[in-house]
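Numbering (the working numbering), first residue to last: 2 to 473. Quick reminder that beta carbons are idealized off the backbone N, C-alpha and C, glycines included. All of these numbers come straight from a predicted model, not from anything done at the bench.
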Amino acid sequence: MELVLPPLARVQKTLAVPTLRIREENRNPVNERGEFVLYWMIASRRTQDNFALDRAVEWAVELDKPLLIFEPLRADYRWASDRIHQFVLDGMADNSAAIEKSRATYYPFVARSKKDGKGLLKALADKAAVIVTDHFPCFFLPRMVAAAAKKVDILLESVDSNGLLPVAATDQIFKTARGFRTYLRNELPKHLHSFPREKPLLSLPRAQELKTSTLKVIRAEWPPGFEVELSALPIDHRVPPSELHGGARAAHSVLKSFAAERLERYDEERNHPDAGAASGLSPYLHFGHISVHGIYRKLSEREDKDAFIDELVTWRELGFNMCEHNPRYARYESLPEWAQKTLAAHEGDPRHPTYSLEELAESKTYDEVWNAAQRELAVTGRMQNYLRMLWGKKILEWTRHPKEALDFMIELNNRYALDGRNPNSYSGIFWVLGRYDRPWAPQRPIFGAIRYMTSNSTKKKLKLRNYLKRWA
DNA sequence: ATCGGCTCGCGCAA
DNA sequence: TGCGCGAAGCCGAT
């Protein structure tokens, strides 16, 4: 049975940010003489339904200081590309428009070189009273926040705006969706009372706005802005921008069309590429352009919401649970025992053909279904959900070792997928190798007891004629 | 089109 | 200790 959640109207709500979501990243004091509260926006890149922003507003009210929202985009992280940059830049334009209308000040910053931006956070911190940032338990973000916490002299808090369940609610690592679902049924009602504000910027105090002179020197050294020539940046230009427009505005229009046109068909048709019943929200969730709370707020009254809510909450937050509590979430060794054992028993099985990473990247296999899925990924930054599973299973079949399959899946997914570098991407990739799954008979070459999938069965089972034509 | 068999760890009931 | 059951499996029998 799915996870069934109540309509929000039936939930009594409070506005304070729950302490479970707040973590002190260092033991430094608040600087009462600081000129502003600094919100360092790194994952929840939005101005609505954002506990971290709410927390920053709480500080601004308490200290009666202005709020500075600093949203940086680095160039030096792995997989930085035109595609990822364009999506984040789209989001910055929306954030700029929203913050312009408020009492807060916006400081978007796009690094022009790999070293550009070094020292900027510290420079801002030296003028600030307290820093609030986002807690995102994946990719390079936890390391970056920990390093920053050491470097600054004031209190740095990170706030978890990831899910309906705060990641700190439990230390338990769930091995199955079923177990997690059972846990959520009991636990989630306790957390639905705390919702982030729909319009937190309206709650800012009347405090004097930030004086332009305060940031004069800093602005001179690190010019703010989000209008930038992508070709001039030291990022991967092989991965072109997606046709998909990023940002909170686009995110809400996708949510609107999903609610109006696709949700009612979602349960029945989500697996069929030709049906176009997917939500399309995953890229926006990844970059924080929309939140699970905002989505739940919009859909909670719908009677046909359960199948989607199970994806959005049970499956999505299962991945956050893993990344938060198992720092080795991206390692082969984090697979369940039975999976490692059965894959090891078949290490010596012959594989043919095998493909190189770049042959796969360029869709140069013999398999038309697989090539289509990979082409969709490479061109759009997305891949139909059922095909993602088949995509991974075939990579396992076509590589020399399951560890190479894992490396290739991570590389291709993080390079091309807008929603790569995210807990859910790792769940999907590791599911291919047995995580959250069970053994399946009969034992097969290469796979052992790992669930086996084939392109022929997929073709029989799914409506994908148009999809194949489109990506041929 | 639908069904059973394949297989095993987890979590709950007893 | 036993038992039901699990993200979307595959295959062959009916």
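Using CA atoms only, rank isn't needed, just tell me which of Glu36, His290, Ala178 is closest to Ile43. Of Glu36, His290, Ala178, the residue nearest in Cα terms is His290.
Answer yes or no: do Lys115 and Asp77 have a C-beta to C-beta separation smaller than 8 Å? The answer is yes: Cβ separation under 8 Å.
Taking the alpha helix (DSSP H) that Val83 belongs to, which residues open and close that run? Before going further, note that residue 83 is Asp rather than Val in the sequence given. Start and end: 83-101.
Under a three-way DSSP split, which group does Ile174 fall into? Under the three-state reduction of DSSP, Ile174 is assigned to coil, being neither helix nor strand.
Cutting at 6 Å between CB atoms, please list the residues of its own chain near Val229, excluding the five before and the five after it. For Val229, where only same-chain residues beyond five positions count, the Cβ hits under 6 Å are Val111.
Could you please give the first and the last residue of the uninterrupted alpha helix (DSSP H) stretch that includes Val240? Where Val240 is concerned, there is no enclosing alpha helix (DSSP H), given that its DSSP letter is neither H nor E.
Given that a residue counts as buried once 16 or more other Cβ atoms are within 10 Å of its Cβ, and exposed if not, what is Glu325? By the 10 Å Cβ count, Glu325 comes out buried.
Based on Cα-Cα distance, which residue from Asp368, Glu377, Leu319 lies nearest to Ile174? Ranking the options by Cα distance to Ile174, first place goes to Leu319.
Which ranges does the alpha helix (DSSP H) cover as unbroken runs of at least 4 residues, wholly within the region 407-459, from first to last along the chain? The qualifying runs are 424-433.
Could you compute how far the alpha carbon of Pro274 sits from the alpha carbon of Asp154? Note on geometry: alpha-carbon atoms of Pro274 and Asp154 lie some 52 Å from one another.
Verify whether the separation of the beta carbon atoms of Ala308 and Asp350 is less than 8 Å. Not closer than 8 Å, so no.
Could you check which residue in Leu54, Asn414, Glu72, Asn415 has the C-alpha nearest to that of Trp225? It is worth fixing the name first, because residue 225 is Pro in this sequence and not Trp. It is Glu72 whose Cα lies nearest to the Cα of Pro225.
Can we say the region 356-370 touches the region 391-410, given the rule of at least three CB pairs closer than 8 Å? Counting Cβ pairs under 8 Å, three or more are found: they touch.
Val370 versus Lys460: straight-line alpha-carbon distance, rounded: Within the model, the alpha-carbon separation for Val370 versus Lys460 is close to 8 Å.
Tell me, to the nearest whole angstrom, how far the beta carbon of His194 is from that of Gln13; I am working on the premise that it is less than 8 Å. Correct: roughly 6 Å between the Cβ atoms.
Quick check for students: name the residue ranges of the alpha helix (DSSP H) that lie wholly in the region 277-362, counting only runs of 4 or more. DSSP runs (the alpha helix (DSSP H)) wholly in the region 277-362: 283-287, 293-300, 307-310, 317-326, 338-346, 358-362.
Boundaries (first-last residue) of the beta strand (DSSP E) holding Asp135: Looking at the DSSP string, the run of the beta strand (DSSP E) that includes Asp135 is 129-135.
Assuming Asn423 and His287 make a contact with CB atoms under 8 Å, what is their CB distance in whole Å? About 5 Å; that satisfies the 8 Å criterion.
Taking C-beta to C-beta, are His136 and Leu166 nearer than 8 Å? Against a cut-off of 8 Å, the Cβ pair of Leu166 and His136 comes out as no contact.
What residue range is occupied by the uninterrupted alpha helix (DSSP H) comprising Leu469? Per DSSP, the continuous alpha helix (DSSP H) segment holding Leu469 begins and ends at 466-471.
Take the Cβ of Asn243 as the centre, count every other Cβ of all protein chains shown within 10 Å, and call the residue buried at 16 or more, exposed below. The question names Asn, but residue 243 is Ser in the sequence shown. By the C-beta density criterion, Ser243 is buried, having at least 16 other C-beta atoms within 10 angstroms.
DSSP on Trp80, reduced to helix/strand/coil? Coil.
Gly277 versus Glu262, Ser283, Pro284, residue with shortest Cα-Cα distance: Looking at the Cα atoms, Glu262 is the closest of the given residues.
Counterpart residues of Tyr184 in DSSP-defined beta bridges: Bridge partners of Tyr184: none, in fact.
Is it the case that the region 321-336 contacts the region 454-472, given that we only count it when at least three CB pairs across the two stretches are under 8 Å? Too few Cβ pairs lie closer than 8 Å, so no.
Between the alpha carbons of Leu434 and Glu304, how many angstroms are there, rounded? When rounded, the distance between both Cα atoms is 35 Å.
The beta strand (DSSP E) that contains Glu377, what's its start and end? That residue, Glu377, is in no beta strand (DSSP E); its alpha helix (DSSP H) goes 369-381.
Per DSSP, which residues does Tyr491 bridge with? Please list them. It is not possible to answer for residue 491, since the shown part of the chain is limited to 2 through 473.
Does DSSP classify Trp60 as helix, strand or coil? Trp60: helix per DSSP, three-state reduction.
Rounded straight-line distance, which links the Cα of Phe259 to that of Ser45: Using only the alpha carbons, I get a separation of about 21 Å.
Compare the Cα-Cα distances from Arg271 to each of Tyr297, Gly295, Glu312 and report the closest residue. Distance from the Cα of Arg271 is smallest, within the candidate group Tyr297, Gly295, Glu312, for Glu312.
Assess, as a yes-or-no matter, whether the region 58-72 is touched by the region 29-44 under the definition of 3 or more beta carbon pairs within less than 8 Å. Verdict: yes, contact present.
According to DSSP, is Ser159 helix, strand or coil? Correct three-state label for Ser159: strand.
Could you tell me which residues DSSP puts in a beta bridge with Leu39? Leu39 pairs with Leu69, Ile132.
Determine the contact status of Ala346 and Gly429, defining contact as a CB-CB distance below 8 Å. No, they are not a contact pair.
Buried or exposed (CB count within 10 angstroms, at least 16 for buried), Arg416: When all chains shown are included, Arg416 counts as buried.
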